[in-house]
Amino acid sequence: MHSRITVVLKAEQLGSVFGFPITNSLLMAWTVMALLIGFAFFFGRSLALVPGKLQAGVEWAFEGALAYMTEVLESETLARRFFPLIASVFLFIAFVNELEFFPGVGSFGLLHAGNFLPLLRAPTTDLNFTLALAMISFFTIEITGIAALGFFRYAGKYVNLTSPIGFVVGLIEFMSNLGRLISFSFRLFGNIFAGEVLVLVAGYFLPYFLPAPLMAFEMFIGLVQALVFAMLTLFFIKLAIMEPHEAH
Amino acid sequence: MQQLFSAFGIDWRLLIAQAVNFGVVLVALWYFLYQPVLRTLEKRRQIIAQGVADATQAREALAGVDEEAAMRVKNADVKAESIVSAALAAAAIEKAKLLKEAENRAIAVNKDAETRAAETAARARRESEQDIARLAILAAEKIMKQKHD
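Listed in order, the protein sequences are those of chains W and A. Per numbering that gives the first Met the number 0, residue 0 is the first one in the first sequence, and the count goes up by one each step. Per numbering that gives the first Met the number 0, residue 0 is the first one in the second sequence, and the count goes up by one each step.
Written out as structure tokens, the structure is:
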């Protein structure tokens, strides 16, 4: 154990390939990707008409999510169209957040110039990952809004020249829309990073008693944050496709 | 802004790499997981709908069969009743016919017996008369013979 608590805000670079930086969060993202895709591959091949327990659970989750999305978007077609995006956002973030507390993550690493570099770091504690997801959500929401309403009607939500108050409200809407990029990325980053720091501090002060319950709590928080990110993307898509007068 | 980016380690190359990572996950999960699961759900929904439709059809067919069976039983009852009554009528006619024939035959037998009895009596009488005549002749001959002697 280190004699002092070291908190590193950015992901540590392990090396580089052709000038491209390989960070520990990128390595963890690839690990989670491999696990997720591997699970999906084998699970998808073992599907049966009479389901086992795991398949029944997955089907229950899929049907529940689809039913909820249909209710929110008020269209089964739209729900089916956006289901892969929303489900992938949730699964990717949830897997990352849960695997963060598995043995080996953050504890195996390299010693470089006297500093410990963990091999794996939860990508949700790297702003590059959360910002990338936030940008994907943001552009999906905006493109969906433009596709559903048309460019001018969608822009009319933010540029309202009918009255001074309407203009100001439109401007505020526009700023809050842009602010989603920051709120999306920093909410996820902040929550997971803070949880990690909390567990680290607890491990420093009460190493045998406090970290385990806190880790369980942080695993729960990780699931909640994955759900929040996916739900907010869904709700903002709904807001984007609503007519301007309905959206307020 | 540059300091903020540097503090959080924001690098456009890593940003793109993480976006690509998510894209790969999205496509792979869509191909390997979402599509197969949704297809299985749809297939099962179709099978259940087909099963329900088949069950409804079978129930309707069964109700039709019950109705048909009841109608057939009813028809059979009516037919059986008519057959039995026709048989009874035919039996009555046959019985009367047989009785008549038996009666006629008895009368004929009786008549025949009476005729034969009358014939026998007449023949016996004729034979008795002949015997008496012969005996009378023999008696007369005897008397005449005694007188003659």
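Cβ atoms here follow ideal geometry from the backbone N, Cα and C, with glycine treated the same way.
Helix, strand or coil at Gly103 of chain W according to DSSP, with G and I counted as helix: Here Gly103 of chain W sits in coil by DSSP.
Of the listed residues W:Ala147, W:Lys52 and W:Leu199, nearest to Glu99 of chain W (C-alpha basis): Answer by Cα proximity: W:Leu199.
Touch test, the region 185-204 of chain W against the region 138-149 of chain W, Cβ-Cβ under 8 angstroms, three pairs minimum: These segments do not touch.
For Thr119 of chain A: DSSP bridge partner residues: For Thr119 of chain A, which the question treats as bridged, DSSP gives no partner whatsoever.
Buried or exposed by the 16-neighbour rule on C-beta atoms within 10 Å, applied to Arg44 of chain A: By the 10 Å Cβ count, Arg44 of chain A comes out exposed.
Helix, strand or coil at Asn114 of chain W [DSSP, three-state]: When DSSP states are grouped into helix, strand and coil, Asn114 of chain W belongs to the strand group.
Alpha carbon of Gln17 of chain A to alpha carbon of Leu25 of chain W, nearest angstrom: Straight through space, the alpha carbons of Leu25 of chain W and Gln17 of chain A are spaced by roughly 7 angstroms.
Any non-hydrogen atom of the ligand GTP closer than 8 angstroms to Phe128 of chain W Cβ: With respect to the ligand GTP, the structure offers nothing, as it holds no ligand at all.
Contact set between Gly8 of chain A and chain W, taken where Cβ atoms lie within less than 8 angstroms: Within chain W, the residues near Gly8 of chain A are Leu8, Lys9, Ala10, Thr22, Asp125, Leu126 and Asn127.
Spatially closest choice to Ala112 of chain W from W:Thr30, W:Leu13, W:Met230 and W:Ala147, by CA coordinates: Of the candidates W:Thr30, W:Leu13, W:Met230 and W:Ala147, the one whose C-alpha sits nearest the C-alpha of Ala112 of chain W is W:Leu13.
Cβ neighbour criterion (16 or more within 10 Å) applied to Ala10 of chain W: Classified as buried, Ala10 of chain W has 16 or more neighbouring CB atoms from the shown chains inside 10 Å of its CB.
Within 9 angstroms, strictly: CB atoms of Asp125 of chain W and Phe219 of chain W: Cβ atoms of Asp125 of chain W and Phe219 of chain W: not closer than 9 angstroms.
Bridge partner(s) assigned by DSSP for Pro20 of chain W: Answer is W:Ser15, bridged to Pro20 of chain W.
Top-ranked residue by Cα proximity to Asn96 of chain W, from W:Met214, W:Gly178 and W:Ala133: Looking from the CA of Asn96 of chain W, the closest CA among W:Met214, W:Gly178 and W:Ala133 belongs to W:Met214.
Option in W:Gly103, W:Phe17, W:Gly51 and W:Ser45 with minimal Cα separation from Asn23 of chain W: Checking every option, the nearest Cα to that of Asn23 of chain W belongs to W:Gly103.
Bridge partners - Leu109 of chain W, DSSP secondary structure assignment: Looking at the DSSP assignment, Leu109 of chain W forms a beta bridge with W:Leu116.
For Pro243 of chain W and Gly155 of chain W, believed in contact at Cβ under 8 angstroms, the rounded distance: Their Cβ separation, rounded to whole angstroms, is 5 angstroms, which keeps Gly155 of chain W and Pro243 of chain W in contact under 8 angstroms.
Reduced DSSP secondary structure (H/G/I, E/B, other) of Leu45 of chain W: Reading off the sequence, residue 45 of chain W comes out as Ser, not Leu. Ser45 of chain W: coil per DSSP, three-state reduction.
Minimum C-alpha distance to Ala93 of chain W - residue among W:Ser15, W:Gln224, W:Leu233 and W:Ile240: Of W:Ser15, W:Gln224, W:Leu233 and W:Ile240, the smallest CA-CA separation from Ala93 of chain W is found for W:Gln224.
C-beta contact flag for Tyr153 of chain W and Gly165 of chain W at 9 angstroms: Contact flag unset, no.
Contact check, Asn221 of chain W vs Thr69 of chain W, beta carbons under 9 angstroms: In the sequence as displayed, the identity of residue 221 of chain W is Gly instead of Asn. Cβ atoms of Gly221 of chain W and Thr69 of chain W: not closer than 9 angstroms.
CB contact check: Leu231 of chain W to chain A, cutoff 9 angstroms: By this cut-off, Leu231 of chain W is not an interface position.
Short CB-CB distance (under 9 angstroms) between Arg152 of chain W and chain A: Put simply, the CB of Arg152 of chain W is far from chain A, with every gap to its CB atoms at 9 angstroms or more.
Endpoints, alpha helix (DSSP H) assigned at Asn176 of chain W: For Asn176 of chain W, the enclosing alpha helix (DSSP H) has its first and last residue at Pro163 to Phe204.
Straight-line Cα distance separating Gly56 of chain W from Glu62 of chain W: As the crow flies, the alpha-carbon of Glu62 of chain W is around 10 angstroms from that of Gly56 of chain W.
Backbone secondary structure at Met230 of chain W - three-state DSSP: In this structure, Met230 of chain W counts as helix in the three-state DSSP scheme.
Proximity test, Cβ basis, 9 angstroms: Glu62 of chain W and chain A: By this cut-off, Glu62 of chain W is an interface position.
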